[in-house]
Amino acid sequence: MTEKNTPLLDELEKGKWPSFVTEIKRAAVKSEAAGELLQVLERSYKERRGHWKHGGIVGVRGYGGGVIGRYVDEPQTYPNVAEFHTVRLLQPSGWFYNTKTLRTVCDIWEKYGSGLTNMHGSTGDIILLGCKTEHIQPIFDEFSDAGFDLGGSGSCLRTPNCCVGPGRCEHACYDTLEACYNITNEFMDELHRPMWPYKSKIKFSGCANDCTSSIARSDCSVIGTWRDTLRIDQEAVKEYAAKINIKAAVCDKCPTSCLTFNAETQELSVVGEDCTRCMHCINVMPKAIQPGKEKGATILIGGKSTIVQSAFMSWVIVPFMKMEAEDDFAEFKDLMRRIWEWWDEHGKSRERIGETIYRLGMTKFLNGIEVAPVPQMVFRPRANPYVFWNQDDLDRSGTALDGSKL
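Residues in the sequence shown are numbered consecutively from 1, following full-length UniProt numbering.
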């Protein structure tokens, strides 16, 4: 395959940014499938329509997910990509690999597949693009012997994903790496055997910077937070005061105006009950401001892209939860089981959790999972269509973010 055969794709190699076209061309040196993939893609761009058919029953013994069937619509024209299935592998927490592991992945994949990979997919898996049906089971067997397992696909728990957390980030309010690993292993059956109305995703972010974009991309967002107040090093504040305008760069941009900088004493103060834990001040002055000591996570529900309804951002259902490996994340696991049971009972086909809540209402959802309503669930007081108060709500006690009983 030469460059003159793909004039439209060649345009995507121009400019200063890396190009997937270049990588496919490199793979095409060894792989006939990669070469034909370029031809199909060039034709799709020229004709402005796709030439792939998705679906079909392909997989490995004992699993209901992890392999995505894909076929070209003209197999006689493109025999090397007539079957071009995708295999998903579970990724390690935080995407930490050594070179031996990466070489093992590539060696097995080049042996059976096209050699093309996506590191990583939007859910977080290692994505292996393009293999024939006859090679799916041998691929799985070799990866299994090497210590790998399949990721999620279909109407199941998709592979949980996390930020780098305490592996490299001082702002992590809980161990995202351990949480992701532990909970992935706990719900392995839900991950490998589709059983729900549609897919369900969990993403773990160690702080409100939300480096996994969980609030927009996952049905359940686990975002690190703290229950007490910010810790401020006044000596470090003075050092920052000599470099930046703290009032303009920090205080004036605080969403709740909870920070005040005294120019005379060069001290920074915070009204703890007004702080929304947005991380802006910590991002600007990390040496002077740190999260509080009582750390945990906020649990949010309902984030997704457009499917039945439009795109949703997830919203709070548990303002603060301890996320501790010492108790095996028992409280979070129990919550997820109750959420999935309610959704499995009430959800329609291809309806995400957030869409089911939107259709039936927040009151039915909270009653179904036995969670008491709290003010943090309300986005805008008396203007939120989801939350309605009833006597049953008043009979159950809840805990606010500051620890007080409602």
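In this text, a Cβ means the ideal position worked out from N, Cα and C, and glycines have one as well.
It should be emphasised that the depicted structure is a prediction, and the values quoted were computed from it without experimental measurement.
Using three-state DSSP, classify residue i as helix, strand or coil.
i: H51; result: coil
i: T356; result: helix
i: L8; result: helix
i: P79; result: helix
i: S114; result: coil
i: G35; result: helix
i: S305; result: coil
i: H85; result: strand
i: R70; result: strand
i: C106; result: helix
i: T260; result: strand
i: W315; result: strand
i: L90; result: coil
i: R168; result: coil
i: K405; result: Interpretation of K405 is limited by its pLDDT of 46, a score under 50 that renders its predicted location unreliable; no figure is taken from the coordinates.
i: E267; result: strand
i: S310; result: coil
i: C180; result: helix
i: S144; result: helix
i: residue 453; result: Only positions 1 to 406 of the chain appear in the structure, and residue 453 is not among them; the question remains open.
i: C281; result: helix
Residues in the same chain with beta-carbon distance under 8 Å from residue i, minus the five sequence neighbours each way, listed in chain order, please.
i: T117; result: V105, C106, W109, I126, I127, L128 and L129
i: P286; result: E170 and H171
i: E294; result: W226, R227 and D228
i: K253; result: H280
State the beta-bridge partners of residue i as determined by DSSP.
i: S200; result: L157
i: M119; result: I126
i: A28; result: Note: A28 sits in no beta bridge, so no partner.
i: A297; result: G224 and M321
i: R337; result: Partner(s): none; R337 has no beta bridge.
i: Q290; result: R231
i: C162; result: F204
Under the assumption that residue i contacts residue j (Cβ atoms under 8 Å), give the Cβ distance between them as a whole number of angstroms.
i: L9; j: L38; result: 6 Å
i: V237; j: A172; result: V237 to A172, Cβ: 23 Å. No contact.
i: I24; j: H85; result: So it is not a contact: roughly 17 Å between Cβ atoms.
i: H192; j: Y112; result: Contact doesn't hold; Cβ gap of about 21 Å is too wide.
i: L259; j: C281; result: 6 Å
i: G296; j: F320; result: 5 Å
i: G65; j: S122; result: Going by Cβ atoms, the distance from G65 to S122 rounds to 16 Å, so no, they are not a contact pair.
i: A179; j: M362; result: Going by Cβ atoms, the distance from A179 to M362 rounds to 26 Å, so no, they are not a contact pair.
With a threshold of 8 Å, establish whether the CB of residue i neighbours any heavy atom of the ligand MN.
i: G292; result: Because no ligand of any kind appears in the structure shown, any question about the ligand MN cannot be addressed here.
For residue i, I'd like the list of residues in its chain whose CB is within less than 6 Å of its CB, leaving aside the five on either flank, ordered along the chain.
i: E267; result: Q234
i: Y181; result: S93
Going by beta carbon distance, what residues of the same chain come within less than 7 Å of residue i, once the five residues before and after it are set aside?
i: H346; result: T356 and L360
Can a CB atom of chain D be found closer than 9 Å to the CB of residue i?
i: I299; result: The question asks about chain D, but that chain is absent: this structure has only one protein chain.
Between the segment 63–75 and the segment 23–34, are three or more C-beta pairs nearer than 8 Å? Proximity of the segment 63–75 to the segment 23–34 falls short of the contact definition, fewer than three beta-carbon pairs being nearer than 8 Å.
Three CB pairs or more closer than 8 Å across the segment 342–360 and the segment 193–201: yes
Pairs of beta-carbons, one from the segment 359–373 and one from the segment 335–343, closer than 8 Å: are there three or more? yes
Assess contact between the segment 172–188 and the segment 205–222, defined as three or more Cβ pairs (one per stretch) separated by less than 8 Å. Is contact present? A contact exists between the segment 172–188 and the segment 205–222.
Specify whether the segment 150–161 and the segment 268–275 touch according to this definition: at least 3 beta carbon pairs, one from each stretch, less than 8 Å apart. no
Check whether the segment 241–250 and the segment 314–321 touch, using three or more Cβ-Cβ pairs below 8 Å as the test. no
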